[in-house]
Structure formats: structure tokens, C-alpha cells
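These notes concern the structure reproduced below.
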Amino acid sequence: MLLKLQGSTQGGVMFIINLLISYFVIYRSKNKSVAKVSTSPIQSKTKHFVPKTKRHNYKKIVRKTKWFAGKDNNFSNNVPQYSGEYQINIIPPDSTPYSFFSQIFTNNIFEHIKDETIRYAIQSGKENFKLTTNELKVFFALNISMTYIKYPNVRMYWSSLPGMRMDLIANNMTVNRFSEIKRFLHFANNESKPNSNDPSSDKYWKLRPILCMLHDSFHVAATPEENVAIDEMMVPFKGRSSQKQYLKSKPKKWGFKVWVMANSDGYVNCFELYQGASNTSIKLHYGPIGDTVIRLCHGLIGKNHKLFIMDNLFPSLPLLRHLRDQQILVLGT
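According to full-length UniProt numbering, the sequence shown is numbered sequentially starting from 1.
Given below as C-alpha cells:
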């Protein structure tokens, strides 16, 4: 038989399988005696009787949750009353979209962008480059208009074809002037560039002046409501950037992640761009995410705001104790 196994691999495998089956097929008879099982590799055609096992009736056990009073559960039925006041400070007389936009994107922001754009043009060797604030506003208006009707090429907006040319864009600025402003557009001085090898350096230093000015505008425009929430938000972007994130649970999965604190109507009071876990520019007391919550809540202290934290990464006992001491009531998921 060993010779046959050596001559045929398939036959050897079948022999081993049948041999294992013959050894492990053991059943119990009615008198609970072990039946004799043939060790022949050839399966028998007779059917073996296998007695049915009794089914056990398992009762479904329902466990009731038991709550225990801890040392730090200082809960009360009387919720502290909100002592702040919700105010909207941007109500222009004409109430047009441009008027509301001007209250947030102020003239100081446009002046700063104009100065930094001219500075970068001079640093690049374009010493005769000139730019006015009104011209810069037109440039931004054209970029906003292009988001409604998207062409694969920017120059197509200035096309000579009647069905393709957009007069709203082409009649307000030439394509060469648009490209020139876009080439030198800057928001910060390149001479203040931080060391790229330093992990604690600001990853958004090129946008930091504008971000700070917008942050102040958001605070001036409206005060936080009694009920506010903190969650992450995505700024859609699919280009090249080391700060680009992917969040599969968001409608826009690719982009820049931003931690925001917003009112119940969706207005953003405070925001902070996420720079990655490797950023250690700020000393950590409650972890990188806990410290982010504290920085976002700097305008809520002492007013008994109701803060809803909609991310399970935020809540922790030390953080909740600290916010409670600051008279900020928290509900976390």
C-alpha cells in the first residue's frame, strides 16, 4: 500500500482522508456502548445510527443596569440659569448679501492682502506691480462667480465664442490681469517663514494673519448662544497638501479638518484648523483634543452655556471637571 501511495499523490491523499474518517467517526448506541468502527479506507455503504441529542431549554437572562453613586457625581435637578446674552451685531441697513459679507470680510483684511501681494511681487522682481483694494475685491468676486459655473480652463471664461464667454467675468477684468494678480496673491510675508524641520512650527503660517482676522470678525459679528456645539468640519480640497485629511463619515471626505464651535443655527463662533498629532506648539494639559476644546470655549467662561460635544474623542473626566469649574455645562456623546 505504501508503494501505491508513493506512485500516486492523489491516491495517497484520499487514503489519509479515509483513514482519518474511520478513526474519528464514533457514535454511541442505545446502551451507551462504543460501537466498533471499521478501519478500512473504503467507506461502508451501511448507514450508522446516530442518536439525537436532547435540546436544552435555555432561559433568556435579562440583566438590569445598576447605577452606583460615585464621588464626583455632583448632579442636581436644578440646572444653573444662563447668564449671558445672545446678540447679533451685523445688521446692515440694506441687508444685502454683499453687506453681510463686508461685515465679516472687512476692509482691513483686503488691505492686508493687498500689501502682502505687492510685497511678494516686489520680492519676485516685479517692482512696478500695482494693486488697489477695489481691484482686489473684483478679483475675489470673479473667483466666487466661477464656483457657480465651472469651466475646465480659466481662460474659457474670456472665450470669444458667444455661448461660452461669461460677460460678468470678462467685462470686469482682463484675463491677463486676472492671471497676474493670481500669480502674486499672498497673505503673509515670506520672510517670516518658520523652520520647516521644526515639528512644532505653524503649518498654516501662510494663512495665519487672515485666519486671525476672520476669527476676530466672527466674534464681533455675533455672540455665542446659550446652546452651542463643538464638532469637526471639512473644508473640501483634493489638491496637494500635507495637511489634507480623509474622513469617511463626512459628505466631503477629502479636505482640511477644522474644529469649530457653532450656534444652534449653524453660525461658527470660533474655529481652529487641525495641524496633525505631531504638532506640539501648544503645551498639553488635557490632551491635544481636550486642549482644543478649552481654546474654543474661551468666550463661554462664567455664563453657564450648554455645550454639546458631538465627538467621542472629546469627553474625558479631567476635561469635564475643568469645564464645570468654568461654569460650562457639557453634554457629550
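All residues carry an ideal CB built from backbone N, CA and C; glycine is no exception.
Bear in mind that the values here come from a model prediction, so they are computed numbers and not experimental data.
Assigned exposure category for residue i - 16 Cβ within 10 Å defines buried
i	result
residue 261	buried
residue 302	exposed
residue 197	exposed
residue 317	exposed
residue 212	exposed
residue 139	buried
residue 203	buried
residue 161	exposed
residue 98	exposed
residue 242	exposed
residue 23	In this prediction, residue 23 has a pLDDT of 44, which is less than 50 and means its spatial position is unreliable; what the coordinates show is noted afterwards. So residue 23 ends up on the exposed side.
residue 239	exposed
residue 266	exposed
residue 319	buried
Among the options, nearest to residue i - alpha-carbon criterion
i	options	result
residue 236	245, 98, 228 and 229	245
residue 199	129, 288, 186 and 275	275
residue 305	140, 173, 328 and 125	328
residue 191	288, 141, 257 and 116	116
residue 217	91, 106, 94 and 81	106
residue 189	207, 239 and 172	207
residue 163	149, 175 and 172	149
residue 121	136, 184, 134 and 137	184
residue 258	266, 193, 174 and 270	270
residue 142	172, 264 and 80	172
residue 264	129, 86, 79 and 78	86
residue 231	320, 311 and 119	311
residue 123	201, 214, 186 and 96	186
residue 88	296, 175, 137 and 219	219
residue 294	273, 326 and 128	326
residue 215	285, 134, 272 and 127	272
Whole-Å CB distance - residue i paired with residue j, under 8 angstroms assumed
i	j	result
residue 228	residue 331	That pair is no contact at about 11 angstroms.
residue 224	residue 299	6 angstroms
residue 103	residue 93	So it is not a contact: roughly 12 angstroms between Cβ atoms.
residue 84	residue 226	7 angstroms
residue 221	residue 118	29 angstroms between Cβ atoms; not a contact.
residue 145	residue 131	That pair is no contact at about 20 angstroms.
residue 170	residue 151	The Cβ separation is near 12 angstroms, so there is no contact.
residue 349	residue 201	The shown model of the chain, from 1 to 333, leaves out residue 349, and the question about it has no answer.
Span of the beta strand (DSSP E) around residue i
i	result
residue 270	268-273
residue 256	254-263
residue 231	227-236
residue 330	328-332
residue 305	305-309
First through last residue of the alpha helix (DSSP H) which encompasses residue i
i	result
residue 98	97-104
residue 292	287-296
residue 220	208-221
residue 175	175-184
residue 115	107-123
residue 139	133-146
residue 169	167-170
residue 325	317-325
Open item on the list: Could you check whether the segment 175-183 touches the segment 95-115, counting it as contact only if at least three pairs of C-beta atoms, one from each stretch, sit closer than 8 angstroms?
Closed with: They do not touch, by the three-pair rule.
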